[in-house]
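Note sheet for the following structure.
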Amino acid sequence: MVDYIIVGCGLAGISFAEQALNNDKTIAVFDNDSQKSSLIAGGLYNPVILKRFSEVWKAEEQLVEMKEFYKKLEAKLASQFDFPKPILRKFFSIEEQNNWFAASDKKGLAPFLSPVLITKKYSGITSAYNYGEVLHTGYVDTELLLFSYRKYLESINSIRYESFDYGALLLESDTISYKGIVAKHIVFAEGFGIHQNPFFGYLPVDGTKGELFIIESDELDLNVILNTSVFILPLGWNRYKVGATYNWKDKTDLPTEEGKQELLERIREIIDCDFKIVAHFAGVRPTVYDRRPLIGTHFDYNNMHVLNGLGTRGVMLGPAMAKELFDKIENGKIIDKEININRVKPKNYRY
Ligand SMILES: Cc1cc2nc3c(=O)[nH]c(=O)nc-3n(C[C@H](O)[C@H](O)[C@H](O)COP(=O)(O)OP(=O)(O)OC[C@H]3O[C@@H](n4cnc5c(N)ncnc54)[C@H](O)[C@@H]3O)c2cc1C
19 MVDYIIVGCG
29 LAGISFAEQA
39 LNNDKTIAVF
49 DNDSQKSSLI
59 AGGLYNPVIL
69 KRFSEVWKAE
79 EQLVEMKEFY
89 KKLEAKLASQ
99 FDFPKPILRK
109 FFSIEEQNNW
119 FAASDKKGLA
129 PFLSPVLITK
139 KYSGITSAYN
149 YGEVLHTGYV
159 DTELLLFSYR
169 KYLESINSIR
179 YESFDYGALL
189 LESDTISYKG
199 IVAKHIVFAE
209 GFGIHQNPFF
219 GYLPVDGTKG
229 ELFIIESDEL
239 DLNVILNTSV
249 FILPLGWNRY
259 KVGATYNWKD
269 KTDLPTEEGK
279 QELLERIREI
289 IDCDFKIVAH
299 FAGVRPTVYD
309 RRPLIGTHFD
319 YNNMHVLNGL
329 GTRGVMLGPA
339 MAKELFDKIE
349 NGKIIDKEIN
359 INRVKPKNYR
369 Y
């Protein structure tokens with residue numbers, strides 16, 4: 019008997035698994051490597067939506083939760099996952115500079131937007147109008163996180179690498195049985211793979227494909243994250259992760275020529291030195307029309323739950339959303355209606 023079966027071992031599944039283990043619960047995790055979003059993500063965390071100069075929804079709370087989550091996990095797995103690093107916004111005009119300084123004065127944004135103009139020069143980048151700096155930012159090495167966490171789950175005999183067979187689930191009033199495992203609860207965290215799920219497949223996870231590159235350049239010298247129409251994230255050894263595109267039509271995780279050309283065009287707007295593409299990845303973000311996560315309990319089965327819709331911000335949202343769901347299940351806490359799956363009714367719902 020385990021407390022939780024967890025389907026999916028991306029950022030959502032890992033966040034929930036840790037929440038459960040930290041509270042002395044037992045788990046059995048399933049993953050079939052069918053989705054790549056967490057594996058290939060940029061991993062950036064940034065409390066400000068720079069395009070619109072607005073604060074990310076509940077950014078301060080999420081940052082606190084996230085920092086604590088990764089710190090604990092780093093100690094447990096003796097590895098670094100969270101790499102705090104400044105994010106710089108390159109300005110293309112005096113007007114952009116002015117907009118920045120006006121925004122840095124606003125109440126919600128003041129803690130996150132530095133009012134100091136960054137005039138430092140970086141080799142390989144021309145920047146006549148300099149940069150603005152976002153505070154409390156960085157990135158999580160999601161590839162290392164996934165790899166390390168799965169190894170850890172293997173070491174405690176708590177993960178199986180196989181497709182979850184929804185038809186083999188036996189639901190009873192107090193327990194769930196699945197191929198010999200009896201559990202008190204099941205949490206589905208399949209990312210865009212949710213559409214195979216007969217219980218939660220109705221949820222509006224529309225999916226936004228993203229492509230990114232690893233590039234190499236010995237002329238580029240950047241020790242901060244640059245974020246304009248794409249981000250450039252230094253990985254060391256002259257390598258940089260660059261991304262990402264947004265495609266709402268294609269739902270595959272295959273890199274495309276169209277994505278490649280778009281990224282190349284954007285990179286050339288920012289840097290003016292030679293580089294070569296070392297790798298090209300793609301994945302589908304589990305995005306939702308109202309840009310809010312989807313968490314909650316099935317309307318017919320009170321021991322069946324979902325943690326999805328982390329969209330473009332799984333790194334910051336994952337730990338806070340996992341806590342919210344865990345507190346609901348174990349302590350009866352009411353889930354904020356903005357993120358509760360109850361805001362979406364399935365077509366055949368009995369009103
Ligand atoms: C190009 C790109 C760049 C991004 N950059 C950032 C960024 O900089 N910062 C940020 O915070 N976020 C970023 N994201 C978004 C972030 O990756 C997502 O928010 C996050 O990965 C979602 O995590 P998840 O666990 O919900 O889904 P996923 O990562 O898709 O994980 C779901 C898991 O469930 C498994 N699964 C699915 N169905 C089944 C089944 N039937 N049986 C067994 N296992 C199953 C899959 O194999 C997968 O491992 C980016 C995404 C992309 C694509």
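First residue of the sequence shown: 19, per my numbering; consecutive thereafter. We put the beta carbon where it would ideally sit given N, CA and C, even for glycine.
Sort the options by Cα distance to residue i and report the nearest one.
i    : options                   : result
Y307 : D224, K341 and G332       : D224
E280 : D21, L57, A93 and V248    : V248
A59  : Y140, E229, N326 and L68  : E229
S122 : F231, V152 and D271       : V152
T270 : G301, H316 and V260       : G301
H316 : L39, I174, A46 and L343   : L343
G261 : N215, D292 and P273       : P273
E86  : A338, E348 and E356       : A338
G350 : N321, I174 and E356       : N321
N326 : D318, S235, Q53 and A46   : Q53
I67  : A46, N245, D159 and G336  : N245
I288 : F99, D100 and F110        : F110
I23  : P364, K89, R310 and S195  : S195
G254 : D236, I212 and Y88        : D236
P216 : E276, R284 and A186       : A186
E283 : F299, K202 and T263       : T263
T378 : L91, L238 and Q80         : With the chain running from 19 to 369 in the structure shown, residue 378 is simply not present.
F101 : I45, Q80, G61 and L188    : G61
R168 : R310, G336 and A35        : A35
S191 : I45, D318 and R309        : D318
R310 : H298, E79, D354 and S173  : D354
N40  : E79, K94, N117 and D51    : K94
K197 : E208, E180, I212 and A207 : E180
I51  : I357, I174 and E208       : It is Asp, not Ile, that sits at residue 51 in the sequence shown. Residue E208 is the option with its Cα nearest to D51.
H203 : A120, E348, H213 and E276 : E348
Contact defined as beta carbons within less than 8 Å: I believe residue i pairs with residue j. What is the distance between those atoms, to the nearest angstrom?
i    : j    : result
V205 : H323 : 5 Å
L106 : V242 : 5 Å
N64  : T155 : 5 Å
Y157 : K108 : Rounded, the Cβ-Cβ distance is 18 Å, inconsistent with contact.
S55  : F210 : 7 Å
E97  : L164 : Reading off the sequence shown, one finds Ser at residue 97, where the question assumed Glu. The Cβ separation is near 12 Å, so there is no contact.
I359 : I295 : With 8 Å as the limit, I359 and I295 do not qualify as a contact, their Cβ atoms being about 40 Å apart.
F293 : L328 : That pair is no contact at about 30 Å.
S33  : G314 : Contact flag wrong, Cβ pair sits at about 16 Å.
A46  : S166 : In fact, because the Cβ distance is near 19 Å, the residues do not count as touching under 8 Å.
So is the beta-carbon of residue i under 8 Å away from any non-hydrogen atom of ligand 2?
i    : result
R331 : The model depicted lacks ligand 2 and carries ligand 1 instead.
Give every residue of the same chain whose Cβ lies closer than 8 Å to the Cβ of residue i, excluding the five residues on either side of it in the sequence, and list them in chain order.
i    : result
I352 : K346
V362 : Y220, L221, P222 and L312
I136 : L106, N148, Y149, G150 and E151
K290 : With the sequence shown as reference, residue 290 is identified as Asp, and Lys is not the correct amino acid for it. Correct list, in chain order: G142, I143 and T144.
I112 : Y147
N117 : F71
K76  : A338
Excluding sequence positions up to five away, which residues of its chain have a Cβ less than 6 Å from the Cβ of residue i?
i    : result
M19  : V200
F182 : V25 and F48
L240 : Y140 and P252
R178 : F48
I250 : L244, Y258 and V260
F299 : I58 and L230
Y88  : F99 and D100
P104 : E151 and V242
N265 : K227
Leaving aside the five residues before and after residue i along the sequence, list all residues of the same chain whose C-beta is less than 7 Å from its C-beta, in chain order.
i    : result
Y369 : Its pLDDT being 45, under 50, Y369 is placed unreliably by the model, and the measurement read from it follows with that caveat. Closer than 7 Å at Cβ, skipping near neighbours: no residue.
K341 : Q37 and E83
I285 : V248 and V260
N256 : E234, S235 and D236
T44  : V20 and D21
Y184 : N215 and P216
Y170 : L95
K278 : H298
F119 : P133
Any contact between the region 295-312 and the region 213-230? By contact I mean 3 or more CB pairs, one from each, below 8 Å. yes
Please confirm if the region 25-42 is in contact with the region 316-334, defined as three or more CB-CB distances below 8 Å between the two stretches. Touching, per the Cβ criterion.
Decide yes or no for the touch test of the region 63-77 against the region 112-128: beta carbon pairs closer than 8 Å, at least 3 of them. The region 63-77 is in contact with the region 112-128.
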